[in-house]
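See structure below.
In UniProt numbering, the protein residues as written are 1 to 721.
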């Protein structure tokens, strides 16, 4: 039997036609039914009042188009449902699961487009995840499109959350994560495009994140007029959030980034740039609980840069702590997560460069620290015009401090640290550097015992290094062409005694903190200088950082010293002035935190000493004559070595201890054995007293004779009368 192809084709075409007619009829019928019944369905099954002027539904594809939609809540005070209030110019939905939407209250669609939405959205009150069994997500949008929308999103309690005007948004492959997966981002997507104006996001009623305009182009996000605005004052923040440590305020002309990524629990950004940001950090006395997690998500930043920024940090009392101006910075390959937050440096990083100008820091009420520029990268740090200056004069400082304390004045035109490495091994900071160069430093150290004694002993450099909590090593340090001054005064001094070291050039080997087992802890200091600006001087100073007694050795040689140069040092304390030439001074002191001892040897030519009164104004001629006579007779061809042995009872600084050692040696060399002078003076005084007594006795005898003759003459005159 032959198949009638023509008949078959007619039947097939007829069947297709019938199906098409049925499909059209079903679609038309469903549209007709939906148009007439949707308002009733919405009224019965939807928590919203919804009206529209046009509705088109394709039952086959699930595509829906609606225009001029108005929506409002049936129960505005119901916190268990998302609140919607406003209008949508046009709504386009593709591949909607219609029956799920109508009867299961689940909106599942491939694409949704909102044209000119003007909506006020109130989020539902969060449900208790432990007791709630509802794991369904009521809204599932794969791709989202928003055109020219004005959106306001509020929390369930009507607190503002997000607001944006003229919003244009494209999100592809948008999806929400499962609630039972800890630490995952709540939403993720593959790509995005956004533009909008007057964006505001409120975070926990602490901050408003603001932007005048947001836009993307070629995958790059631009945020203009960015502002992180705190909603609390520094004092209000400290009182309300005692476990938070810092409050921030940020204003930036523009912030840009690209290649934003949200995946699982990771946020990634690339090419992050800040233009002219002003950053204010307001610290508090709060302490974060140790159990509190610092990072809920991993953060990766690839190449972040900051241009022409300013950073200001305030102390808890509102006063300035430090300030950075004209900051420029670049850093790449930054990783922050829960693991890195446990380290001394809470993030990992790759290459970086940082530059700032006009840095100001207030370490306390007595000092201010500043520098004109700071430039650093992975290998080198350069500081220009460093200064560490007192905020008050010496008299004010002595009246202000509760106990004795040295006053420092430091100026350094240039500092370089080269070949340094900062590591975070096993979450512990470690710093190592090859070379540190300090150029043309001026340092003045002023010490006074006018304030009450400090019961706490001053620490030496070895102990100061030991107290640094992390391993620090600087292999080679140079102090180049510098000036060091040390001044000290007490109640008996009319002016401060002063030591001066000009043209100071010092090499220091192996600065360390004695934190690395098996490593050398000995520090060696070799120096050359001009003592009081004229006398060539060499110094060798060594100390062991690991030595608990802070043992040290200090050896020095001073040549061709004009004796008048040391008057500023000895006159205030010894009430002595000198002239002539000191050919050499050699001393080799050994000491620790308990005292100092060692030989002191001085040779001189035509050295003369003048002893002064307590006001350093009048010369004691006779005592000066005796002192010079003893110096001349005791010098001979072999000068006398003075054995210095000074016990550190005042617990003052290392410089003070060295001073006392030098002072003891000078006193012994200049004045010599004062007992001989004192004995000679006593003998002269005794002889002088005896002579005076004889003269007084003779005067009394003569006076008695004179009185006798006067009496006789008086009697004769009376008899004649």
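From the three backbone atoms N, C-alpha and C, an ideal C-beta is built for every residue, glycine too.
Exercise. Kindly say whether residue 374, judged by its beta-carbon, lies nearer than 7 Å to any beta-carbon of chain B.
Key: Going by chain labels, chain B is absent from the structure shown, which holds only one protein chain.
Exercise. Report yes or no: do the segment 641 to 660 and the segment 423 to 438 share at least 3 C-beta pairs separated by less than 8 Å?
Key: no
Exercise. Flag this pair as touching only if the segment 495 to 515 and the segment 472 to 480 have three or more C-beta atom pairs under 8 Å; answer yes or no.
Key: yes
Self-check item: residue 594 burial status per 10 Å Cβ neighbour count (16 or more: buried)
Solution: exposed
Quiz item: Between residue 252 and residue 277, is the Cβ-Cβ spacing less than 7 Å?
Solution: yes
Self-check item: Span separating the alpha-carbon of residue 64 from that of residue 247
Solution: A straight-line Cα-Cα distance of about 48 Å links residue 64 and residue 247.
Self-check item: Contact check, residue 449 vs residue 403, beta carbons under 7 Å
Solution: No, they are not a contact pair.
Quiz item: When the Cα atoms are used, what is the spatial distance from residue 554 to residue 596?
Solution: Their Cα atoms are separated by approximately 10 Å.
Self-check item: Residues near residue 541 in its chain [Cβ-Cβ closer than 6 Å; skip 5 each side]
Solution: 525 and 554
Quiz item: CA-CA distance, residue 114 and residue 89?
Solution: Going by the C-alpha atoms only, they are around 8 Å apart.
Quiz item: Leaving out the 5 sequence neighbours to the left and right, which residues in its chain are closer than 6 Å to residue 383 when beta-carbon positions are compared?
Solution: 371, 374 and 415
Quiz item: Apart from the five residues just before and just after residue 584, which ones in its own chain have a Cβ nearer than 6 Å to its Cβ?
Solution: 559 and 603
Quiz item: So what does DSSP say about residue 68, is it helix, strand or coil?
Solution: strand
Quiz item: Do residue 550 and residue 521 have their C-beta atoms closer together than 7 Å?
Solution: no
Quiz item: If you run the structure through DSSP and keep just helix, strand and coil, what is residue 215?
Solution: Of the three classes helix, strand and coil, the one that applies to residue 215 here is strand, per DSSP.
Exercise. Decide if residue 518 is buried, meaning its Cβ has at least 16 other Cβ atoms within 10 Å, or exposed.
Key: exposed
Quiz prompt | 6 Å Cβ shell around residue 538 - same chain, five flanking residues per side excluded | solution = 528 and 557
Self-check item: Integer Cβ distance of residue 651 from residue 457, believed to fall under 8 Å
Solution: 4 Å
Self-check item: Helix, strand or coil at residue 113 according to DSSP, with G and I counted as helix
Solution: strand
Exercise. Keeping to the same chain, check which residues put their C-beta closer than 6 Å to that of residue 536; ignore five residues upstream and five downstream.
Key: 559
Quiz item: Taking the alpha helix (DSSP H) that residue 236 falls in, what are its first and last residues?
Solution: 234 to 240
Practice problem: Count the other C-beta atoms from every protein chain shown that fall within 10 angstroms of the C-beta of residue 637, then say buried if there are 16 or more, exposed otherwise. | Solution: The pLDDT assigned to residue 637 is 49, lower than 50, so where the model puts this residue is not dependable; a value taken from the coordinates is nonetheless given after this. Its Cβ having fewer than 16 others within 10 Å, residue 637 is exposed.
Quiz item: Hey, out of 353, 393, 358 and 394, whose CA is closest to residue 376's CA?
Solution: 353
Quiz item: With 16 other CB atoms within 10 Å as the buried threshold, where does residue 515 fall?
Solution: buried
Practice problem: Could you name the residues of the same chain whose beta carbon sits closer than 6 Å to that of residue 309, not counting the 5 residues immediately before and after it, in chain order? | Solution: 277 and 327
Quiz item: Just how far apart, CA to CA, sit residue 240 and residue 124?
Solution: 26 Å
Quiz item: If you draw a straight line from the alpha carbon of residue 283 to that of residue 257, how long is it in whole angstroms?
Solution: Between the C-alpha atoms of residue 283 and residue 257 there is a straight-line separation of about 28 Å.
Quiz item: From this set, 78, 79 and 56, which residue's C-alpha is nearest residue 68's C-alpha?
Solution: 56
Exercise. Quick one: grab the DSSP three-state call for residue 660.
Key: helix
Practice problem: Could you name the residues of the same chain whose beta carbon sits closer than 7 Å to that of residue 599, not counting the 5 residues immediately before and after it, in chain order? | Solution: 587, 588, 641 and 643
Quiz item: What are the complete alpha helix (DSSP H) segments, minimum 4 residues, inside the segment 333 to 399?
Solution: none
Quiz prompt | Among 547, 610, 546 and 235, nearest to residue 564 - alpha-carbon criterion | solution = 610
Exercise. Please go through the segment 435 to 483 and give each complete beta strand (DSSP E) segment of 3 or more residues, from N-terminal end onward.
Key: 442 to 448
Practice problem: Return the CA-CA distance between residue 334 and residue 350, expressed in angstroms with no decimal places. | Solution: Straight-line spacing of the CA atoms in residue 334 and residue 350 works out to 7 Å.
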